[in-house]
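A.B. asks:
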Amino acid sequence: MSKLFDEAKDIIGLERDLNLNDYEKFKEIQKNILENEEEKFAWLLEALEIRLPEIAQKEGGYDWIKPEDDD
Amino acid sequence: MSRILEKLADQHEERIINVLYKLENDVVNEITRATKGNLVSQRLAIQLQPRLRTIIESTFLNEADLLINDDYNKIAKETLDTFGKMPIPAKFKNLTDVDLATINALKTQSFSGFEDIAERFLKVINDEVYQSTIAGRPFNDMVSNIKSHINGVYKASNVSEINELVDFVNENKFDSAKKAQVEDAVRKLHTQYASDRAGNNLRRYASQIAHDSVMQFHGQFTVAKAKASGLEHFTYTGTLVRDSREFCQNMLNRTLTEEQIRDMWNTRAWQGKSTGDPFIVRGGYRCRHTWIPTDPAWGEETVDEVPTEEEAFDETLNVKNSSSLTNKIKLDDIKPVSNTFILNKLGKQFKENAKDGRYPDNLTTGKPTIRFRSAINARLNNEKYIGHIKIEDSINKKRLVNGKPQEFKWSEKDYGIMEAMMQELDELAIKYDVPKLRGINMASNSRTVASMGDGVLKLNPRYITLDRTGNEVSKWKMGDSIFDRPFTADSHFENRLDKIRSTYYHEFGHHIHQNKYNQDSIDYYSPQLEQDLKKVGRFKGKGATEYSDYNKKEWFCENFALYELGKIKLVDPRFIKFLDEKVK
Chain A
12 MSKLFDEAKD
22 IIGLERDLNL
32 NDYEKFKEIQ
42 KNILENEEEK
52 FAWLLEALEI
62 RLPEIAQKEG
72 GYDWIKPEDD
82 D
Chain B
441 MSRILEKLAD
451 QHEERIINVL
461 YKLENDVVNE
471 ITRATKGNLV
481 SQRLAIQLQP
491 RLRTIIESTF
501 LNEADLLIND
511 DYNKIAKETL
521 DTFGKMPIPA
531 KFKNLTDVDL
541 ATINALKTQS
551 FSGFEDIAER
561 FLKVINDEVY
571 QSTIAGRPFN
581 DMVSNIKSHI
591 NGVYKASNVS
601 EINELVDFVN
611 ENKFDSAKKA
621 QVEDAVRKLH
631 TQYASDRAGN
641 NLRRYASQIA
651 HDSVMQFHGQ
661 FTVAKAKASG
671 LEHFTYTGTL
681 VRDSREFCQN
691 MLNRTLTEEQ
701 IRDMWNTRAW
711 QGKSTGDPFI
721 VRGGYRCRHT
731 WIPTDPAWGE
741 ETVDEVPTEE
751 EAFDETLNVK
761 NSSSLTNKIK
771 LDDIKPVSNT
781 FILNKLGKQF
791 KENAKDGRYP
801 DNLTTGKPTI
811 RFRSAINARL
821 NNEKYIGHIK
831 IEDSINKKRL
841 VNGKPQEFKW
851 SEKDYGIMEA
861 MMQELDELAI
871 KYDVPKLRGI
881 NMASNSRTVA
891 SMGDGVLKLN
901 PRYITLDRTG
911 NEVSKWKMGD
921 SIFDRPFTAD
931 SHFENRLDKI
941 RSTYYHEFGH
951 HIHQNKYNQD
961 SIDYYSPQLE
971 QDLKKVGRFK
981 GKGATEYSDY
991 NKKEWFCENF
1001 ALYELGKIKL
1011 VDPRFIKFLD
1021 EKVK
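Protein sequences appear in the order of chains A and B. Using my numbering, read the first sequence as starting at 12 and increasing by one per residue. Using my numbering, read the second sequence as starting at 441 and increasing by one per residue.
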């Protein structure tokens, strides 16, 4: 795994609730992820998706999701 | 005939509900007497166990025994009276030794159903007492929890307004004219107990079993008697109520052969259908209908055709790819189905599933409570999402194939898999006592492999199609280096369908931790099981996949998929312990 992948993995593995910083950092990593890691990264996206309500609870909604990130 | 049965079924349900209040009272009195209202010690918790068993036996099981021994003879007599009016030889109209043996066997079988739930809830109550000693839980909290385990939101309360609501529900729940007021009172009760998470209470199961046992006893005795008499035709009999199933509405008063009935059961599905013999389970849980034997030769009935799909079973309610947890469909048996078929079929199912009361509504807006971004975005954009299915092909604009963006398409076989998997997931929902899924969704530009939230499964054709699934199999086993583990659970399966199945099951694991025990919006935003998962200790390096290390929810889902798909040797024992203690 690349260093970037591991960084993303660490974010979705955080024991505490995720926050907006974590999300933004994850999305920055996503932009640079290698093509041969895309399939596994799709699972990290799954883990992130499951944890998004943690951020929404803090932020009071999902306004922070950028349009290009929409499914 | 059927009205008498209905009355008995309602009476039994009422009597069981009443005895549960005595049980609640006796259990609380016994614990209060033994502890004098103080914290329970471990020694006392153990000493209390046989006493609690005696109370359950002398109240709940005693009442079940009375119901069965007194009233089931009445049901048998009604059946014999029905046979007595038939133009059949006299020897089939009388009570024979074989009938008596059948009746006794069926009574024992019915009683064992009550024993099973008594045993289950005795353990729940014992665990509550014992855990209270370990956790140092205040006495009043422990008592409140025990009451909830027995009667849920209908438990006795110190607040007179709550007791009035409970009384109103209990007195009028069988009065169809007051259905709306009863529903309103039930809603208020759930609001009063907003923090009460005791979703699986004894009352819920006991009242259902009291009702269904009457109907099932009648069904079994009648079909046994019919077979002995050589009768092979049956008329679907009973009355309709406001929420009668569509199946029951369409079948009412139809006369079919046993072969037609069994064939229909094996090939068709309908909302609320339960597994089992068609003569016993009939339309499903709490069904008020029965199959009464007849013979067209008597000139009273003619044999009907099995209702055509158009008139009785919408074509989409046909099962083209039948599958269950005990008899999972194999890849070679998957039949292709059209996009229209799957959209219509699952669309209808999801619409029905969305009505499940375990999906709470927002009390202010009256709309379903939602917490995941896709559902919220859809609501903001006025798009259908809950109770809806959307499956699109996918395009990767960044990757060109022959000068065109790469496309990922669902095939008709993939839709067939979807049909089969949803049956298995519905059974998992029943098994784990969570609401059935209420949607499938995935937009064309998604990069997420799959996901789950708000009871809606998201699937990505870039990954979850036969076309995109490989054949590589991991030989990794427990004890091998954790650095050699495959990335995800699908790698532990040989064929492509099982690999895809493992992803469906993984996602359903998320549905369980998101929805188990939820009773209201407060639970929904902070599910009990997710709180419990946070307390799980060391889990990294213990699972059979790398992904199970990534966080506790994924650990839960990876192990859940392997566990439910029979790869027990690859399941982390801590997961099984967690499942036994917190989920089942």
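By construction, the Cβ of each residue, glycine as well, lies at the ideal position given by its N, Cα and C atoms.
Of all the options B:Phe1018, B:Leu1005, B:Val626, B:Ile456, which has the alpha carbon lying nearest to the alpha carbon of Glu934 of chain B?
C.D. replies: Residue numbering aside, residue 934 of chain B sits at position 494 when the second sequence is read from its first letter. Minimum Cα distance to Glu934 of chain B is reached at B:Leu1005.
A.B. asks: For Asp81 of chain A, collect the residues of the same chain with a Cβ closer than 8 Å to its Cβ; drop the 5 residues on either side in sequence, then sort them by chain order.
C.D. replies: Locating residue 81 of chain A in the first sequence gives position 70, counting from the first residue. Caution applies to Asp81 of chain A, whose pLDDT of 42 falls short of 50 and renders its modelled position unreliable; the value that the coordinates give is listed next. The answer is none, since no qualifying residue turns up.
A.B. asks: Counting contacts by CB-CB distance shorter than 7 Å, is Leu45 of chain A in contact with chain B?
C.D. replies: The residue labelled residue 45 of chain A in the question sits at position 34 within the first sequence. So no, Leu45 of chain A is outside the interface.
A.B. asks: Closer than 8 Å by C-beta to Gln482 of chain B: which residues in its own chain qualify, once you throw out the five before and the five after it? Chain order, please.
C.D. replies: What you label residue 482 of chain B is simply residue 42 of the second sequence in a count that begins at 1. Tyr570, Thr573, Ile574, listed in sequence order.
A.B. asks: I want to see whether chain B comes within less than 7 Å of Lys51 of chain A, judged by CB atoms only; does it?
C.D. replies: If you number the first sequence from 1, residue 51 of chain A lands on position 40. Judged by the 7 Å Cβ criterion, Lys51 of chain A is in contact with chain B.
A.B. asks: Output needed in chain order: residues of the segment 650–673 of chain B with a Cβ under 7 Å from some Cβ in chain A.
C.D. replies: If the cut-off is 7 Å between Cβ atoms, the segment 650–673 of chain B has nothing near chain A.
A.B. asks: Using a cut-off of 7 Å between C-beta atoms, extract the partners of Glu57 of chain A located in chain B.
C.D. replies: Residue mapping note: residue 57 of chain A aligns to position 46 of the first sequence, counting from 1. Per Cβ cutoff of 7 Å: Thr888, Val889, Ala890, Ser891.
A.B. asks: Does the distance from the CB of Ser834 of chain B to the CB of Arg902 of chain B come in under 7 Å?
C.D. replies: Translated into positions along the second sequence, residue 834 of chain B becomes position 394. Translated into positions along the second sequence, residue 902 of chain B becomes position 462. Yes. Within cutoff.
A.B. asks: Nearest CA to the CA of Glu699 of chain B: which residue from B:Asn761, B:His673, B:Asn693, B:Phe608?
C.D. replies: On the second sequence, residue 699 of chain B is found 259 positions in, with the first residue counted as 1. Nearest of B:Asn761, B:His673, B:Asn693, B:Phe608 to Glu699 of chain B, Cα basis: B:His673.
A.B. asks: Residues of the segment 801–815 of chain B in Cβ contact with chain A at a cutoff of 7 Å, in chain order, please.
C.D. replies: Going along the segment 801–815 of chain B in chain order, one finds Arg811, Phe812, Arg813, Ser814 with a Cβ nearer than 7 Å to chain A.
A.B. asks: Expressed to the nearest angstrom, what Euclidean distance is found between the alpha-carbon atoms of Ile701 of chain B and Tyr987 of chain B?
C.D. replies: Position 261 of the second sequence holds residue 701 of chain B. Position 547 of the second sequence holds residue 987 of chain B. Cα-Cα distance, rounded: 47 Å.
A.B. asks: So, are the CB atoms of Trp995 of chain B and Gly977 of chain B less than 7 Å apart?
C.D. replies: Within the second sequence, the letter at position 555 stands for residue 995 of chain B. Within the second sequence, the letter at position 537 stands for residue 977 of chain B. It is not a contact, given that the beta carbons lie outside the stated cut-off.
A.B. asks: Assuming contact is defined by CB atoms lying nearer than 7 Å, are Ile515 of chain B and Tyr645 of chain B in contact in what I supplied?
C.D. replies: Along the second sequence, read from residue 1 onward, the residue named residue 515 of chain B stands at position 75. Along the second sequence, read from residue 1 onward, the residue named residue 645 of chain B stands at position 205. Going by C-beta atoms, Ile515 of chain B is not nearer than 7 Å to Tyr645 of chain B.
A.B. asks: Out of B:Asn469, B:Asp505, B:Gly856, which has the shortest C-alpha to C-alpha gap to Phe551 of chain B?
C.D. replies: Reading the second sequence from its first residue, position 111 is the one you call residue 551 of chain B. If we check each option's Cα against that of Phe551 of chain B, B:Asp505 comes out closest.
A.B. asks: With a Cβ-Cβ cutoff of 7 Å, do Ala869 of chain B and Asn761 of chain B count as a contact?
C.D. replies: Position 429 of the second sequence holds residue 869 of chain B. Position 321 of the second sequence holds residue 761 of chain B. For Ala869 of chain B and Asn761 of chain B, no; Cβs fall outside 7 Å.
A.B. asks: So the candidates are B:Thr905, B:Gly910, B:Val889, B:Gly879; which of them puts its Cα closest to the Cα of Gly895 of chain B?
C.D. replies: For the purposes of this step, residue 895 of chain B is taken as the residue at position 455 of the second sequence. When each option's Cα is compared against that of Gly895 of chain B, the closest is B:Gly879.
A.B. asks: As a quick exercise: from B:Pro875, B:Glu446, B:Pro926, pick the residue whose alpha carbon is nearest that of His651 of chain B.
C.D. replies: For the purposes of this step, residue 651 of chain B is taken as the residue at position 211 of the second sequence. Per the Cα distances, B:Glu446.
A.B. asks: Mind checking the segment 978–1007 of chain B against chain A and listing, in chain order, the residues whose C-beta falls within less than 7 Å of any C-beta there?
C.D. replies: Hits within the stretch, in order: Tyr987, Tyr990, Asn991, Lys993, Glu994.
A.B. asks: Look up Pro808 of chain B in the DSSP assignment and give the residues it is bridged to.
C.D. replies: Here residue 808 of chain B is taken as the residue at index 368 of the second sequence, counted from 1. Beta-bridge pairing links Pro808 of chain B to B:Asp801.
A.B. asks: Buried or exposed for Val841 of chain B, please, with buried defined as at least 16 other CB atoms from any protein chain shown within 10 angstroms of its CB.
C.D. replies: Locating residue 841 of chain B in the second sequence gives position 401, counting from the first residue. Burial call: exposed.
A.B. asks: Can you tell me the Cα-Cα spacing of Gln451 of chain B and His658 of chain B, whole angstroms?
C.D. replies: As a position in the second sequence, residue 451 of chain B is number 11, starting the count at 1. As a position in the second sequence, residue 658 of chain B is number 218, starting the count at 1. Computed Cα separation, rounded: 15 Å.
A.B. asks: Okay, do the segment 793–804 of chain B and the segment 952–969 of chain B touch, 3+ Cβ pairs below 8 Å being the bar?
C.D. replies: Yes, they touch.
A.B. asks: Using a Cβ-Cβ cut-off of less than 7 Å, give me the residues of the segment 928–947 of chain B that come near chain A, in sequence order.
C.D. replies: Within the segment 928–947 of chain B, the qualifying residues are Thr928.
A.B. asks: Residue range of the alpha helix (DSSP H) that Gly576 of chain B falls in?
C.D. replies: Within the second sequence, residue 576 of chain B is the residue found at index 136, counting from 1. No alpha helix (DSSP H) holds Gly576 of chain B; DSSP gives it neither H nor E.
A.B. asks: Whose C-alpha, out of B:Met691, B:Pro718, B:Leu783, B:Pro733, is nearest the C-alpha of Asp703 of chain B?
C.D. replies: Residue mapping note: residue 703 of chain B aligns to position 263 of the second sequence, counting from 1. The shortest Cα separation from Asp703 of chain B among B:Met691, B:Pro718, B:Leu783, B:Pro733 belongs to B:Pro718.
A.B. asks: Going along the chain, which residues of the segment 825–836 of chain B sit with their C-beta nearer than 7 Å to a C-beta in chain A?
C.D. replies: Answer set for the segment 825–836 of chain B: empty.
A.B. asks: Would you kindly work out how many angstroms separate the C-alpha atoms of Glu1021 of chain B and His950 of chain B, rounded to a whole number?
C.D. replies: Translated into the one-based positions of the second sequence, residue 1021 of chain B becomes position 581. Translated into the one-based positions of the second sequence, residue 950 of chain B becomes position 510. C-alpha separation (whole angstroms): 18 Å.
A.B. asks: Taking only three categories from DSSP, how would you classify Trp731 of chain B?
C.D. replies: Your numbering for residue 731 of chain B matches position 291 in the second sequence. In the structure shown, Trp731 of chain B sits in a strand (DSSP, three-state: E or B).
A.B. asks: Let me see if you follow: with CB-CB separation under 7 Å, is Tyr73 of chain A close to chain B or not?
C.D. replies: Here the question's residue 73 of chain A lines up with position 62 in the first sequence. Yes, because at least one Cβ of chain B sits closer than 7 Å to the Cβ of Tyr73 of chain A.
A.B. asks: Let me make sure I understand the geometry here. Which of B:Ala794, B:Trp850, B:Ala890 has the alpha-carbon closest to that of Tyr945 of chain B?
C.D. replies: The count along the second sequence starts at 1 and reaches residue 945 of chain B at position 505. Comparing Cα-Cα distances from Tyr945 of chain B to each of B:Ala794, B:Trp850, B:Ala890, the minimum goes to B:Ala890.
A.B. asks: With a threshold of 7 Å between beta carbons, is His1046 of chain B in contact with chain A?
C.D. replies: In this structure chain B extends from 441 to 1024, so residue 1046 of chain B is not present and cannot be described.
A.B. asks: Which residue's Cα is closest to the Cα of Asn478 of chain B: B:Asp581, B:Asn509, B:Val777, B:Phe523?
C.D. replies: What you label residue 478 of chain B is simply residue 38 of the second sequence in a count that begins at 1. Ranking B:Asp581, B:Asn509, B:Val777, B:Phe523 by Cα distance to Asn478 of chain B puts B:Asp581 first.
A.B. asks: Go through its chain and collect everything with a Cβ distance to Ile829 of chain B's Cβ below 8 Å, but skip five positions before and after it.
C.D. replies: As a working mapping, residue 829 of chain B is identified with position 389 in the second sequence. Ile782, Leu783, Leu786, Gly787, Phe790, Gly879, Ile880, Asn881, listed in sequence order.
A.B. asks: Listing by chain order, which chain B residues have their CB less than 7 Å from the CB of Lys20 of chain A?
C.D. replies: Numbered from its first residue, the first sequence carries residue 20 of chain A at position 9. By Cβ distance, chain B contributes Tyr990.
A.B. asks: For Leu40 of chain A, return the contacting residues in chain B, with the cut-off set at a CB-CB distance below 8 Å.
C.D. replies: Position 29 of the first sequence, counted from the first residue, corresponds to residue 40 of chain A. According to the sequence as given, residue 40 of chain A is Ile; it is not Leu. The premise fails here: Ile40 of chain A is roughly 13 Å from chain B at the closest Cβ pair, so nothing lies under 8 Å.
A.B. asks: Taking all protein chains shown into account, do 16 or more other C-beta atoms lie within 10 angstroms of the C-beta of Arg637 of chain B, making it buried, or fewer, making it exposed?
C.D. replies: Here residue 637 of chain B refers to the residue found at position 197 of the second sequence. Reliability of the predicted coordinates at Arg637 of chain B is poor, the pLDDT of 40 falling under 50, and the value obtained from them is presented with this limitation in mind. Arg637 of chain B is buried by the Cβ-count criterion.
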